[in-house]
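Asks: Counting in this note's numbering, the sequence shown runs from 8 upward without gaps. Here it is, the structure, as structure tokens.
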Amino acid sequence: MTDSGNIFKRTRVMSFDHLHTFHGGLQLPGHRDITANRPISHAGIPPLLTIPLQQHIGDPGECLVKPGDAVCKGQIIATGPGAFSVPVHASSSGTVSAVEERLVPHPSGIKENCVVIETDGRDSSADEAQDAIDYLQTEPEKLCELVQQAGIVGMGGAGFPTGMKLCNRKQHIELLLINAVECEPYISCDNRLIQERANEVIEGARIMRHGLQPDSCIIAVEDNMGAAEQALKAALAAASETAIQVIRVPDIYPSGGERQLIRILTGREVPGQGFPADIGIVCQNVGTAAAVYNAIARRQPLLSRIVTVTGEGIAQPRNLECLLGTPVSHLVTAAGGYTKGVERLLIGGPMMGYAVQSDTIPVTKTTNCVLAVTREEMPAPPPAQPCIRCGKCTDVCPADLLPQQLYWYARSNNYDIAQDYNLFDCIECGCCAYVCPSHIPLVQYYRHAKTEIWTQEAQKQAADIARRRHESRLSRLQRIKQERAERMARKKQALAGDNGSKDAKKSAIQAALDRVKHKKEQASNTPKNTDNLTVEQQRMIAEADARRQNKQPGSNN
Numbered sequence: 008m009t010d011s012g013n014i015f016k017r018t019r020v021m022s023f024d025h026l027h028t029f030h031g032g033l034q035l036p037g038h039r040d041i042t043a044n045r046p047i048s049h050a051g052i053p054p055l056l057t058i059p060l061q062q063h064i065g066d067p068g069e070c071l072v073k074p075g076d077a078v079c080k081g082q083i084i085a086t087g088p089g090a091f092s093v094p095v096h097a098s099s100s101g102t103v104s105a106v107e108e109r110l111v112p113h114p115s116g117i118k119e120n121c122v123v124i125e126t127d128g129r130d131s132s133a134d135e136a137q138d139a140i141d142y143l144q145t146e147p148e149k150l151c152e153l154v155q156q157a158g159i160v161g162m163g164g165a166g167f168p169t170g171m172k173l174c175n176r177k178q179h180i181e182l183l184l185i186n187a188v189e190c191e192p193y194i195s196c197d198n199r200l201i202q203e204r205a206n207e208v209i210e211g212a213r214i215m216r217h218g219l220q221p222d223s224c225i226i227a228v229e230d231n232m233g234a235a236e237q238a239l240k241a242a243l244a245a246a247s248e249t250a251i252q253v254i255r256v257p258d259i260y261p262s263g264g265e266r267q268l269i270r271i272l273t274g275r276e277v278p279g280q281g282f283p284a285d286i287g288i289v290c291q292n293v294g295t296a297a298a299v300y301n302a303i304a305r306r307q308p309l310l311s312r313i314v315t316v317t318g319e320g321i322a323q324p325r326n327l328e329c330l331l332g333t334p335v336s337h338l339v340t341a342a343g344g345y346t347k348g349v350e351r352l353l354i355g356g357p358m359m360g361y362a363v364q365s366d367t368i369p370v371t372k373t374t375n376c377v378l379a380v381t382r383e384e385m386p387a388p389p390p391a392q393p394c395i396r397c398g399k400c401t402d403v404c405p406a407d408l409l410p411q412q413l414y415w416y417a418r419s420n421n422y423d424i425a426q427d428y429n430l431f432d433c434i435e436c437g438c439c440a441y442v443c444p445s446h447i448p449l450v451q452y453y454r455h456a457k458t459e460i461w462t463q464e465a466q467k468q469a470a471d472i473a474r475r476r477h478e479s480r481l482s483r484l485q486r487i488k489q490e491r492a493e494r495m496a497r498k499k500q501a502l503a504g505d506n507g508s509k510d511a512k513k514s515a516i517q518a519a520l521d522r523v524k525h526k527k528e529q530a531s532n533t534p535k536n537t538d539n540l541t542v543e544q545q546r547m548i549a550e551a552d553a554r555r556q557n558k559q560p561g562s563n564n
């Protein structure tokens, strides 16, 4: 797209001729060649798919299916209820056998709500193939909507909804950064993706560039990813694309961390508790770029991903493309099974990964590695010893924190002071624990402290809501009481006015009765003229007067 199509005012284009450094970091053995040099294999369709309803940052999806329902590949089985949520799709066709809590990939071994699908092996889709979208003729807001509907999230591990990043219109974006730096040992899924599908990565980057309208766009690779770098440059040349650069960065762990990579390339620091967009940068994983291409060009939602299955505990290490929801055990079988000496099974790499107790857990959108290690390959750490205050943890911390201080305050449950030492800037890379001569599991303390703070914050928010509800109820009851008292006062006042009116009416009626009585008395005392009456008529009048005066002639009284 030409500069004339940019809706923002152009600023100074960044220069990447000079790379910067970040504090700390480690030089670690790679252990990647055995998988990076082998083609991607397909894991096939497993008999059972377990699809968690939460595979992203934000609220879990609201389930749309029930046991017994037939589903097709690509069918939406859960909706995204909020802005930070995305829909969940059936990754293959079959029948829903259960909607229940199952073990999911998580350090704590928790269970979450999942849709379990018995696959039919046909892998049939619900709709016919749709035409590709010309993204150059599509408004950025529409692209965001399509990416969100495809269920795409950050596939580097964070799980942040990609559509939210592409819809960022609050400030001008200077740099779109495609992160292909796999700094952690053993992991090579992104490396292999680039080698085999570089054109998808390039096209995905172009689509996102159209949506964000940045000044610059670069793809960062490690300096030991020579084959991937050449594949990207060849794809750029084939597409006659000159606005995207490929830049090599040193193989220093954790240079693939979002904040560290931005520091290396631009020299800028992402503010604590802030986002790269706050400084005009949007960072996307290389796998996410390929997923965006598939969503727009092929109209396919995110149904599969590439996972590195490796370690001395795996008979034939390799990168496998598998459907989301595939059990880890199915991947291990596709990679030749376990060796005899397998000791532990990890999800992720040896630095930031976590051990799991069962291989029945499913692959999710953020699962990039399954690592089975032997005791010789990764010995269990010895018991922790007291801190000797050597300061090595501080020297290697890439976030430039004070891990020793964080350890003391996290261990003593003094979470307020731990936050004063920027606890939440810790990226949990494990560098501090790796070099600790006392073998203290520092990252575990930091994770525990963060979890406790989040729990306390959630409890505080719940208490605040309850307090506000209670205060609102008291206010409502007081208002009702006051309104009732005002109604009673008005009623009494009205009644008092009515009583006065009644007394006046009674007085008027009594006066009228008195007047009538007086007239009657006057009439009875007035002598009647009987001169012209007969004797009989005079007699009858006399008798009537006697009766009126209770004097009846001829009675025995």
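Where is the CB? At the ideal position from N, CA and C, for every residue including glycine.
(1) Less than 7 Å between the beta carbons of Gly87 and Thr295, yes or no?
(2) Check the C-beta distance from Leu6 over to Leu353 and give it rounded, since I have them as a contact under 8 Å.
(3) Would you say the region 338-354 touches the region 140-148, given that touching needs at least three Cβ pairs under 8 Å?
(4) Determine the closest residue to Asp76 out of Gln426, Asp127, Val523 and Ser311, with distance taken between C-alpha atoms.
(5) When we look at the beta-carbon of Asn186 and count the other beta-carbons within 10 Å, is it buried (16 or more) or exposed?
(6) Where in the region 237-308 do unbroken runs of the beta strand (DSSP E), each at least 3 residues long, occur, reported from the N-terminal end onward?
(7) Quick check on the DSSP output: the alpha helix (DSSP H) that includes Gly218 runs from which residue to which?
(8) For Pro283, which of Val293, Glu265 and Ser195 has the nearest alpha-carbon?
(9) Taking the alpha carbon of His38 as the point to measure from, which residue in Thr317, Asp402 and Pro74 has its own alpha carbon closest?
(10) Note down, in chain order, each residue of its chain lying with its Cβ closer than 8 Å to the Cβ of Asp138, except the 5 sequence neighbours on either side.
(11) Are the beta-carbon atoms of Leu110 and Ile368 separated by less than 7 Å?
(12) Within the same chain, show all residues whose beta-carbon is closer than 7 Å to that of Gly561, passing over the 5 residues directly before and after it, in chain order.
(13) Using 7 Å as the threshold, is the C-beta distance between Val293 and Val154 below it?
(14) One question on the structure: do Thr373 and Gly164 come within less than 7 Å of each other, judged by their Cβ atoms?
(15) According to the neighbour-count rule (16 or more other Cβ atoms, all chains shown, within 10 Å of its Cβ), is His96 buried or exposed?
(16) Expressed to the nearest angstrom, what Euclidean distance is found between the alpha-carbon atoms of Met358 and Ser479?
(17) Contact defined as beta carbons within less than 8 Å: I believe Cys400 pairs with Cys443. What is the distance between those atoms, to the nearest angstrom?
(18) Looking at the structure shown, is His38 part of a helix, part of a strand, or coil, going by DSSP?
(19) Should Ala241 be labelled buried (16 or more other beta-carbon atoms within 10 Å of its own) or exposed?
(20) Please determine, among Cys439, Asp521, His455 and Leu520, the residue with the shortest C-alpha to C-alpha distance to His30.
(21) Between Phe431, Leu33, Cys224 and Leu200, which has its C-alpha nearest Glu248's C-alpha?
(22) If you check the beta carbons only, do Val228 and Arg204 fall under 7 Å apart?
(23) Taking 7 Å as the cut-off, decide whether the C-beta atoms of Gly158 and Val72 are in contact.
(24) Gln529 to Leu502, Cα distance in whole Å?
(25) Are the Cβ atoms of Ala105 and Pro74 separated by less than 7 Å?
(26) In three-state DSSP terms, what is Ile64?
(27) Between the C-alpha atoms of Val349 and Glu383, what's the straight-line distance to the nearest angstrom?
(28) Alpha carbon to alpha carbon, what distance is there between Val339 and Arg275?
(29) For the beta strand (DSSP E) holding Ala379, just list the boundary residues, first then last.
(30) Given this structure, state the Cα-to-Cα distance separating Ile47 from Tyr193, to the nearest angstrom.
(31) Who are the Cβ neighbours of Tyr414 in its own chain at under 6 Å, not counting the five residues just before and after it?
(32) State the DSSP-derived secondary structure class of Thr9, mapped to helix, strand or coil.
(33) Can you pull the DSSP bridge partners for Gly32?
(34) For the alpha helix (DSSP H) that Ala417 lies in, which residues bound it at each end?
(35) Measuring straight from C-alpha to C-alpha, what distance separates Val335 and Ala362?
(36) Distance check for Ser115 and Cys121, CA to CA, integer angstroms please.
Replies: Taking the geometry as given:
(1) No, they are not a contact pair.
(2) Because residue 6 is not part of the residues shown, which for the chain are 8 to 564, the question remains open.
(3) As far as the Cβ criterion goes, the region 338-354 does not touch the region 140-148, which means the pair count is below three.
(4) Cα-wise, what sits closest to Asp76 is Asp127.
(5) Taking all protein chains in view, the Cβ of Asn186 is crowded by 16 or more other Cβ atoms within 10 Å, so the residue is classified as buried.
(6) Segments of the beta strand (DSSP E) lying fully in the region 237-308: 251-256 and 288-292.
(7) Per DSSP, Gly218 is one residue of the alpha helix (DSSP H) stretching across Cys196 to Leu219.
(8) If we check each option's Cα against that of Pro283, Glu265 comes out closest.
(9) Per the C-alpha coordinates, the member of Thr317, Asp402 and Pro74 positioned closest to His38 is Thr317.
(10) So the list reads Arg306, once near-sequence residues are dropped.
(11) Yes. Within cutoff.
(12) Because Gly561 sits at a pLDDT of 47, beneath the cut-off of 50, its placement in the model cannot be relied upon, and the following sentence gives the value as read from the coordinates. Hits under 7 Å: none found.
(13) Against a cut-off of 7 Å, the Cβ pair of Val154 and Val293 comes out as no contact.
(14) A distance below 7 Å separates the beta carbons of Thr373 and Gly164.
(15) Around the beta carbon of His96, 16 or more other beta carbons sit within 10 angstroms, so the residue counts as buried.
(16) Going from the Cα of Met358 to the Cα of Ser479 covers about 50 Å.
(17) Confirmed, about 6 Å.
(18) Three-state result, His38: coil.
(19) Answer is exposed; the Cβ neighbour count stays below 16.
(20) Among Cys439, Asp521, His455 and Leu520, the Cα nearest to that of His30 belongs to Cys439.
(21) Nearest of Phe431, Leu33, Cys224 and Leu200 to Glu248, Cα basis: Cys224.
(22) Against a cut-off of 7 Å, the Cβ pair of Arg204 and Val228 comes out as no contact.
(23) Result no, Cβ atoms of Gly158 and Val72 do not sit closer than 7 Å.
(24) Gln529 and Leu502: Cα-Cα distance of roughly 41 Å.
(25) Yes.
(26) It is coil, neither helix nor strand.
(27) Just so you know, the alpha carbons of Val349 and Glu383 end up roughly 10 Å apart.
(28) If you take the alpha carbons of Arg275 and Val339, they lie about 41 Å apart.
(29) If you look at Ala379, you'll find it in the beta strand (DSSP E) that goes Cys376 to Thr381.
(30) Taking the straight line joining both Cα atoms gives about 15 Å.
(31) Leu449 and Tyr452.
(32) Unreliable placement is indicated for Thr9, whose pLDDT of 36 sits below 50; no coordinate value is reported for it.
(33) DSSP, once it has assigned bridges, lists no residue as partnering Gly32.
(34) Following the DSSP letters along the chain, one finds Ala417 inside the alpha helix (DSSP H) bounded by residues Pro410 to Arg418.
(35) Each residue's alpha carbon lies about 13 Å from the other.
(36) Their Cα atoms are separated by approximately 17 Å.
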